[in-house]
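In UniProt numbering, the protein residues as written are 1 to 415.
See the structure below:
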């Protein structure tokens with residue numbers, strides 16, 4: 001029996017770190033920072049892989065909107081070659097398997113929505129993944145099974161994805177909202193260091209469920225990507241919490257710093273598109289509860305909140321926000337601080353230039369350097385406003401290194 005299983009890129013030019021495929025857990029991979037695949041013709045949810053440590057097999061499923069293929073047909077064979085590696089390797093000699101690639105195809109090869117074939121397991125050793133046409137499942141067939149986890153690029157974990165749809169959503173943060181540490185520490189000492197925050201919590205959730213609400217947990221768990229807690233441990237912890245609450249629930253877990261992390265709307269957007277059967281949410285009836293509310297310190301009574309992420313998340317997704325004290329205990333709202341800059345307060349109807357007659361570009365040769373956090377909109381601004389004016393984009397995410405960016409700039413700024 002294997003102890004670990006990885007999918008490993010064998011393209012030395014664009015190699016990424018090996019990605020752990022945990023035993024019997026579905027992993028969704030595609031275009032992402034982790035795989036270093038940038039082409040939009042490869043979906044962000046391109047393939048589904050499920051490893052079986054006991055028999056050294058990996059189940060492969062094609063779920064991207066573009067078709068797959070074999071031996072150069074329908075997709076650019078070998079563009080993103082990967083291999084499956086089991087540790088330790090299987091003792092017996094397993095049948096040879098062919099090259100695998102996360103596919104890039106023309107839009108003309110897009111599948112119809114009702115295309116679906118049976119999925120078959122793929123045998124894997126320290127060789128490549130089998131992509132023969134018999135072993136490719138062309139579109140994800142949904143089922144009604146509950147209590148399962150799905151992993152999206154190791155950035156988002158989703159529990160009970162196929163829970164019945166509902167237009168009224170009772171959404172909650174996890175730590176500091178539904179649970180707290182049993183030890184009394186700020187951070188849990190281990191995966192079992194938790195208890196329900198208030199005795200009122202289970203009853204409140206059960207009543208909401210009876211009243212027609214769907215219970216959904218949205219939680220940031222950066223410790224997963226930092227190696228402080230494993231995917232299996234956080235999944236087990238959340239399942240145990242839900243079992244203790246005694247009510248059916250969905251859970252979405254952001255494990256990194258990307259678009260899924262609150263207060264970004266990525267988890268909510270994913271929930272709307274993938275976890276509620278496309279049903280429109282009643283925002284007037286729905287709400288979100290969290291403890292990161294931007295409340296300042298009250299001398300000798302309470303410490304300040306560690307952030308405003310939960311309150312801002314609710315604002316960004318446009319539903320009512322409540323703190324745990326307000327929601328579960330009926331307490332009055334406390335004062336809170338908002339960030340000095342609120343993007344939604346910006347008037348987007350005014351001219352982009354001041355004065356409006358400003359000529360851009362002003363000089364024959366110009367360099368515009370954009371500075372900002374990841375995801376702050378630098379690339380979007382360039383693509384929306386500058387490329388059409390004749391600027392050339394030097395983007396490290398696209399061309400691979402700062403040295404290449406400098407070389408590109410030098411090439412186009414020579415007079």
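Positions of the beta carbon are idealized from the N, C-alpha and C atoms, including for glycine. Computed from a predicted model, the values in this text were never measured in an experiment.
Residue burial classification, residue i (beta-carbon count within 10 angstroms, cutoff 16)
| i | result |
| --- | --- |
| residue 306 | exposed |
| residue 389 | exposed |
| residue 309 | buried |
| residue 221 | buried |
| residue 192 | exposed |
| residue 277 | exposed |
| residue 157 | buried |
| residue 215 | buried |
Residue i - DSSP class collapsed to helix/strand/coil
| i | result |
| --- | --- |
| residue 178 | coil |
| residue 221 | coil |
| residue 194 | coil |
| residue 313 | helix |
| residue 301 | coil |
| residue 156 | strand |
| residue 168 | coil |
| residue 150 | strand |
| residue 203 | helix |
| residue 409 | helix |
| residue 279 | coil |
| residue 291 | coil |
| residue 89 | coil |
| residue 17 | coil |
| residue 98 | With a pLDDT of 35 at residue 98, under the threshold of 50, the predicted position of this residue should be treated as unreliable, though the coordinate-derived value follows. Coil at residue 98, not helix or strand. |
| residue 267 | helix |
| residue 187 | coil |
| residue 209 | helix |
| residue 273 | helix |
Bridge partners - residue i, DSSP secondary structure assignment
| i | result |
| --- | --- |
| residue 285 | In DSSP, residue 285 forms no bridge with anything. |
| residue 352 | Its beta-bridge partners do not exist; DSSP assigns none. |
| residue 214 | 169 |
Residue i versus residue j: straight-line alpha-carbon distance, rounded
| i | j | result |
| --- | --- | --- |
| residue 279 | residue 164 | 10 Å |
| residue 204 | residue 359 | 60 Å |
| residue 311 | residue 173 | 11 Å |
| residue 5 | residue 199 | 42 Å |
| residue 80 | residue 335 | 52 Å |
| residue 242 | residue 398 | 41 Å |
| residue 36 | residue 259 | 16 Å |
| residue 48 | residue 34 | 15 Å |
| residue 348 | residue 384 | 14 Å |
| residue 373 | residue 90 | 44 Å |
| residue 267 | residue 364 | 44 Å |
| residue 29 | residue 355 | 47 Å |
| residue 402 | residue 394 | 9 Å |
| residue 281 | residue 341 | 28 Å |
| residue 381 | residue 232 | 39 Å |
| residue 69 | residue 62 | Residue placement at residue 69 cannot be trusted, given a pLDDT of 46 that sits under 50; the coordinates are not used to answer. |
| residue 302 | residue 162 | 40 Å |
| residue 343 | residue 315 | 11 Å |
| residue 17 | residue 152 | 16 Å |
| residue 414 | residue 378 | 24 Å |
| residue 150 | residue 407 | 41 Å |
| residue 287 | residue 202 | 17 Å |
| residue 7 | residue 227 | 18 Å |
- Which ranges would you report for the beta strand (DSSP E) in the region 225-256 if only whole runs of at least 3 residues count? With a minimum length of 3 residues, the continuous beta strand (DSSP E) runs that stay inside the region 225-256 are 250-254.
- Fully enclosed by the region 20-69, which beta strand (DSSP E) runs are 3 residues long or longer? Whole beta strand (DSSP E) segments, 3+ residues: 26-29, 47-52, 57-62.
- Query: In chain order, which continuous runs of the beta strand (DSSP E) of length 3 or greater are located wholly inside the region 319-406?
  - Reply: Here the runs fully enclosed are 320-322.
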